[in-house]
Structures are given as C-alpha cells and as structure tokens.
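Numbering (our numbering), first residue to last: 31 to 318.
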C-alpha cells in the first residue's frame with residue numbers, strides 16, 4: 031500500500047503498510063509545523079546545537095494489526111478525530127475492530143478512544159492495570175493488563191512488557207514475537223523536517239538523515255521527556271538498553287513519536303544505547 035493521506039494540517043493522517051498485516055497510521059503537520067510549533071527547533075537546539083535547525087515536527091503514531099482478530103495500538107489525538115476514523119474504515123473494510131490497546135492515558139495516545147468505540151460497537155479496550163480514575167479517560171470498562179500478559183490475534187502473539195523508560199507513572203510497552211515488532215511508546219522520540227513526514231527511517235536517510243542525527247535527537251529529547259534520568263547512572267542505563275535488545279529480537283522499531291525503523295536495526299540499537307548515556311550526562315537546562 032502506497033502512502034495515503036487524509037486531511038491536512040492538524041487533522042492530517044498518513045497510512046502506510048509496515049508488513050502485509052501491520053499498518054502505520056500517523057499524524058504530522060508537514061509544511062505548517064513551523065507556524066504551529068513556533069520555536070520548537072530553536073528550543074531543542076539550546077540543548078544540542080548539532081540538531082537540524084529546520085526540523086520542526088514530531089510524528090504521532092498508531093498501529094493497526096490485521097489478523098484473525100484486529101487490534102489498534104493507541105488512537106492519536108482528538109485533532110485527528112475524523113481522519114483516524116476514515117483511515118480505520120478504509121483499512122478494515124467490512125471487518126470489525128476487535129481490540130484497542132492504550133499504552134497510557136494521555137491525549138496523543140488515548141484521545142480518540144470514545145469516538146472509536148462508538149464507531150465499533152463491541153470493541154474491547156485494553157490498558158494498563160493498577161491505575162485509577164479510568165472513567166475520566168473513557169476507559170471505565172477496559173480490560174486491565176499486566177506485564178507478561180499475551181494478546182493472541184492468530185499469527186501475531188503480543189506480549190505486554192515492562193518499559194525501560196516510563197513516561198507516566200503507569201506505562202506499558204508492546205512486543206509482537208513473530209514479527210519482532212516493538213512499540214516502546216514515548217522512548218526514542220525524533221524530530222523531522224516537512225519533507226521527511228511519513229517516511230520510514232531508511233527513507234529519511236535518502237533525504238539527508240543519519241544514525242548520528244538520530245542518536246543526538248534521542249539524547250536531547252530524552253532529557254525533556256524523561257527529566258528524571260539526570261539522576262540515572264549512564265553506564266548502567268546504556269547496559270540496560272543493550273541487554274533489552276539481547277532479550278528481545280526486535281526487527282521493527284515502532285515508537286509512538288519516531289519514524290518507524292524497519293531496516294538495519296543493529297546500527298540504530300547501538301545508537302540508542304549511546305544516546306541514553308549522552309542524555310544522562312548532557313544539558314538539562316531546557317525541560318518543559
């Protein structure tokens with residue numbers, strides 16, 4: 031499936047296939063990112079001047095698994111309300127959406143759950159156990175999952191795993207054993223230019239991106255997303271990243287706010303380990 035785009039500006043959503051059964055549904059602003067995000071790139075450059083000064087956009091991702099059962103990973107935000115529903119309708123066709131998994135209760139991840147539930151009666155919503163105030167987030171009747179729980183879709187066996195880096199007090203990561211698909215939610219956030227929207231990471235390299243740039247972006251954005259890491263041990267953290275990728279055979283790296291990495295995983299996982307070491311010893315002056 032070639033890239034298909036729905037809507038524009040704040041509502042803009044693009045759809046691409048990662049595998050024949052996994053769809054990447056994503057939002058980014060494109061040409062209007064500079065106007066909407068203001069001094070976004072300049073702010074990050076205060077922390078790390080090696081970053082691309084023209085990068086002013088962050089991608090927001092959701093993923094749809096089409097198997098014997100269908101499952102949506104997160105929902106994007108209310109700004110993409112209509113376009114998400116349209117994209118789901120096009121992909122699903124005459125099939126129903128069986129499951130929706132919510133990684134944590136934040137608008138870019140759970141903001142469309144009520145609308146999707148209305149459009150798909152009988153939908154089973156799954157989210158993080160041991161929380162509170164589920165009804166505030168439209169998750170009052172959700173199935174609550176713990177680390178180690180497995181969702182069987184047919185060919186795809188999805189395990190809920192413990193995150194290395196927690197965005198909220200309660201966050202889960204998502205690993206599919208047969209494809210090696212990993213969604214580490216808010217970890218490894220990268221930024222991009224308008225001409226890099228909806229591109230896989232290997233395609234970004236075709237327009238000037240690099241593993242080194244990714245490493246510096248993850249280092250910088252991690253200090254903002256996970257400000258608590260300033261108290262972490264850089265070597266222990268880097269070793270934990272290395273051990274994680276030894277434990278899990280990751281072949282598709284698909285965070286919530288990163289262009290999907292589907293090729294040359296080894297060079298990117300090495301960059302992630304180094305990026306987290308750099309993040310911990312770096313400049314924390316800009317945390318917002």
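Note that beta-carbon positions come from the ideal geometry of N, C-alpha and C, so glycine has one too.
(request) Compute the Euclidean distance between the alpha carbons of residue 151 and residue 114, then round it to the nearest angstrom. (result) Here residue 151 refers to the residue found at position 121 of the chain shown. Here residue 114 refers to the residue found at position 84 of the chain shown. For residue 151 and residue 114, the distance between alpha carbons rounds to 16 Å.
(message) Given a cut-off of 7 Å on the beta-carbon distance, is the pair residue 134 and residue 186 in contact?
(response) Stepping through the chain shown from its first residue, residue 134 is reached at position 104. Stepping through the chain shown from its first residue, residue 186 is reached at position 156. No, these two residues do not count as a Cβ contact at 7 Å.
(request) Would you mind reading off the limits of the alpha helix (DSSP H) that contains residue 91? (result) Position 61 of the chain shown, counted from the first residue, corresponds to residue 91. Note, residue 91: premise wrong, no alpha helix (DSSP H); beta strand (DSSP E) at 90-96.
(request) Measure the beta-carbon distance from residue 93 to residue 218 and round it to whole angstroms, keeping in mind my assumption that it falls under 8 Å. (result) Here residue 93 corresponds to residue number 63 of the chain shown, with the count starting at 1. Here residue 218 corresponds to residue number 188 of the chain shown, with the count starting at 1. Incorrect: roughly 15 Å between the Cβ atoms, too far for contact.
(request) Mind checking which residues open and close the beta strand (DSSP E) that includes residue 298? (result) Position 268 of the chain shown, counted from the first residue, corresponds to residue 298. Run containing residue 298: none in the beta strand (DSSP E); it sits in the alpha helix (DSSP H), 295-311.
(request) Grab me the residues of residue 206's own chain with a C-beta within less than 6 Å of its C-beta, minus the 5 sequence neighbours each way, in chain order. (result) If you number the chain shown from 1, residue 206 lands on position 176. Cβ neighbours of residue 206 beyond the five flanking positions: 186, 188.
(request) Would you list, in sequence order, the uninterrupted beta strand (DSSP E) runs of no fewer than 3 residues that lie entirely inside the region 182-270? (result) 187-191, 203-206, 211-213
(request) Give the DSSP bridge partners of residue 57, in chain order. (result) Working through the chain shown from its first residue, we reach residue 57 at position 27. Answer by DSSP bridge pairing, in chain order: 43, 90.
(request) Could you please give me the residues that DSSP links to residue 27 through a beta bridge? (result) Here the chain has residues from 31 to 318 only, and residue 27 is not among them.
(message) Can you tell me whether residue 115 is helix, strand or coil according to DSSP?
(response) One-based indexing of the chain shown puts residue 115 at position 85. Residue 115 falls in the helix class under three-state DSSP.
(request) Give me the Cα-Cα distance between residue 208 and residue 47, rounded to the nearest whole angstrom. (result) The residue given as residue 208 occupies position 178 in the chain shown. The residue given as residue 47 occupies position 17 in the chain shown. Residue 208 and residue 47: Cα-Cα distance of roughly 17 Å.
(request) Indicate whether residue 252 and residue 300 have their beta-carbon atoms separated by less than 7 Å. (result) The count along the chain shown starts at 1 and reaches residue 252 at position 222. The count along the chain shown starts at 1 and reaches residue 300 at position 270. Not a contact, by the Cβ cut-off of 7 Å.
(message) For residue 297, which residues in the same chain have their Cβ closer than 6 Å to its Cβ, ignoring the five residues on either side in sequence?
(response) The residue given as residue 297 occupies position 267 in the chain shown. Closer than 6 Å at the Cβ level, and outside the excluded window around residue 297, lie 241.
(request) Count the other C-beta atoms from every protein chain shown that fall within 10 angstroms of the C-beta of residue 215, then say buried if there are 16 or more, exposed otherwise. (result) Start at 1 with the first residue of the chain shown, and residue 215 comes out as number 185. Its Cβ being crowded by 16 or more others within 10 Å, residue 215 is buried.
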